[in-house]
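**Student:**
2 protein chains.
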Amino acid sequence: MQLRMTNQREIILTELKKSGSHLSADELYERVRRIIPRLSLATVYRNLEILSNLHLIAKLEVGGRQKRFDYDVSDHDHIYCIVCHRVDNIELNREQVSTVAAEGRQGYTVTGYRLEFAGICPECQKKMNKEMNKETNE
Amino acid sequence: MQLRMTNQREIILTELKKSGSHLSADELYERVRRIIPRLSLATVYRNLEILSNLHLIAKLEVGGRQKRFDYDVSDHDHIYCIVCHRVDNIELNREQVSTVAAEGRQGYTVTGYRLEFAGICPECQKKMNKEMNKETNE
DNA sequence: TTAAGTGCAAAAATTTTGCATTCTT
DNA sequence: AAGAATGCAAAATTTTTGCACTTAA
């Protein structure tokens, strides 16, 4: 089965790249729909599946219900905000992690790993501080 | 809201513990249903939610569609088989990982992390070897 | 007794699929 | 042309919710 570059596929890729972030299928759908109004969500799912199988994009299964897709396929890890669910990249020394990991792998052939941090992003921290102040002043 | 120990809740906990593994809601449902045939899947979900909020069990969001639940709430990490989707514990030095992680956290307050390995479990390796041999002999 | 918990059925949320039609190559 | 890809609607999967009834404390 050979691949074809359709309008939909191209714009899905472009928009994911342009976003510079980790979009869920329906977020991407909303964006691409502004350009191709008759786009179907199924097309987005089908393309994301195909493109991630080809490693042209990465499929993330981070916290939260929905899967997210990343234009950046390089090995890197993520941190997600437990309050607003945004996802950011986090830079760290992957080799060191691999070294630590080499230990108790119980007969598995390890093909990869995913290190995912959870935390509260700067914006949500600010919001929470404001809320705190409000309550204190009441 | 105070908690009550119902029959359902108790058996859900016991069966999860007895399994010694990381069950999805519906796997647990099947097991508990053998004991309480009129059990509802909704009850399983509600209990797993409540129990994981109380940290009596842990909710895992590992690879694959469904969430999984673990009787073991201690800090430990997981490895899952990309072929059969089973999940096993993996022992490693969490402090070392934290040290590596301290680096590029971009303003986030880190509340935790999840390190999840992917690989092929011993059983699936065996199966794959058998398949390979079969094909070679044909 | 009372309000937490349950079963059931219906809904919500996310993802996948069948099929006729439209495109890329 | 051929068959890959699409749109649409319907289905599948996983999880949540409303509500009347049951049960633990």
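Line by line, the protein sequences are chains G and B.
Those letters in the first sequence? Residues 79 to 216, by the working numbering.
Those letters in the second sequence? Residues 79 to 216, by the working numbering.
Virtual Cβ for every residue (Gly too), placed ideally from N, Cα, C.
Given that A196 of chain B touches chain G, what residues does it touch there, using C-beta distances under 8 Å?
**Tutor:** Here the neighbours are V188, T189, G190, Y191 and R192.
**Student:** I want to verify the contact list: residues of chain G whose CB lies under 8 Å from the CB of Q144 of chain B, in sequence order.
**Tutor:** By Cβ distance, chain G contributes nothing, its closest Cβ being about 11 Å from Q144 of chain B, past 8 Å.
**Student:** Is any beta-carbon of chain G found at less than 8 Å from that of I157 of chain B?
**Tutor:** yes
**Student:** Mind checking if I168 of chain G is an interface residue toward chain B, Cβ cutoff 8 Å exclusive?
**Tutor:** yes
**Student:** Provide the residue(s) that pair with I223 of chain G in DSSP beta bridges, ordered along the chain.
**Tutor:** No information on residue 223 of chain G is available, as it lies outside the stretch 79 to 216 that chain G covers here.
**Student:** Would you mind telling me which residues of chain B sit closer than 9 Å to Q203 of chain G, beta carbon to beta carbon, in chain order?
**Tutor:** G185, Y186 and T187
**Student:** Please classify L134 of chain G: does DSSP put it in a helix, a strand, or coil?
**Tutor:** If DSSP states are grouped into helix, strand and coil, L134 of chain G belongs with coil.
**Student:** Within the same chain, show all residues whose beta-carbon is closer than 7 Å to that of I89 of chain B, passing over the 5 residues directly before and after it, in chain order.
**Tutor:** V110, I113 and I114
**Student:** Around the Cβ of G197 of chain G, are there at least 16 other Cβ atoms within 10 angstroms (buried) or fewer (exposed)?
**Tutor:** Burial call: buried.
**Student:** Tell me R146 of chain B's beta-bridge partners as DSSP assigns them.
**Tutor:** B:S102 and B:L138
**Student:** Could you tell me the alpha carbon to alpha carbon distance between T40 of chain G and A103 of chain G, rounded to whole angstroms?
**Tutor:** The structure shown does not extend to residue 40 of chain G, since chain G is modelled only from 79 to 216, so the question has no answer here.
**Student:** Taking its Cβ as the centre, do 16 or more other Cβ atoms sit within 10 Å of D166 of chain B, making it buried, or is it exposed?
**Tutor:** buried
**Student:** Given this structure, state the Cα-to-Cα distance separating T84 of chain B from E105 of chain B, to the nearest angstrom.
**Tutor:** The straight-line gap from Cα to Cα measures roughly 20 Å.
**Student:** In the DSSP assignment, what are the bridge partners of T187 of chain G?
**Tutor:** B:I198
**Student:** Taking DSSP as the reference, what is the three-state secondary structure of R112 of chain G?
**Tutor:** In this structure, R112 of chain G counts as coil in the three-state DSSP scheme.
**Student:** DSSP three-state label for E117 of chain G, please.
**Tutor:** Before going on, a small fix: residue 117 of chain G reads as Leu here, not Glu. The answer is coil: DSSP assigns L117 of chain G none of H, G, I, E or B.
**Student:** Please tell me whether E132 of chain B and L193 of chain G are closer than 8 Å, where the distance is taken between their beta carbons.
**Tutor:** Sequence inspection shows Leu at residue 132 of chain B; the Glu mentioned does not correspond to that position. The answer is no: Cβ separation not under 8 Å.
**Student:** Can you have a look at D153 of chain G and say buried or exposed, based on whether 16 or more other CB atoms are within 10 angstroms of its CB?
**Tutor:** Exposed.
**Student:** With DSSP as the reference, label L81 of chain B as helix, strand or coil.
**Tutor:** In the structure shown, L81 of chain B sits in coil (DSSP, three-state: anything other than H, G, I, E or B).
**Student:** Give me the Cα-Cα distance between E216 of chain B and R164 of chain B, rounded to the nearest whole angstrom.
**Tutor:** Any reading at E216 of chain B needs caution, since the residue's pLDDT is 44, under 50, leaving its predicted position unreliable; the model's value is listed next. Spanning the two alpha carbons is a distance of roughly 31 Å.
**Student:** By the three-class DSSP mapping on this structure, what secondary structure does R192 of chain B have?
**Tutor:** strand
**Student:** Using a Cβ-Cβ cut-off of 8 Å, state whether P115 of chain G counts as contacting chain B.
**Tutor:** no
**Student:** Taking the beta carbon of R146 of chain G as the centre, do at least 16 other beta carbons fall within 10 Å, making it buried, or is it exposed?
**Tutor:** R146 of chain G is buried by the Cβ-count criterion.
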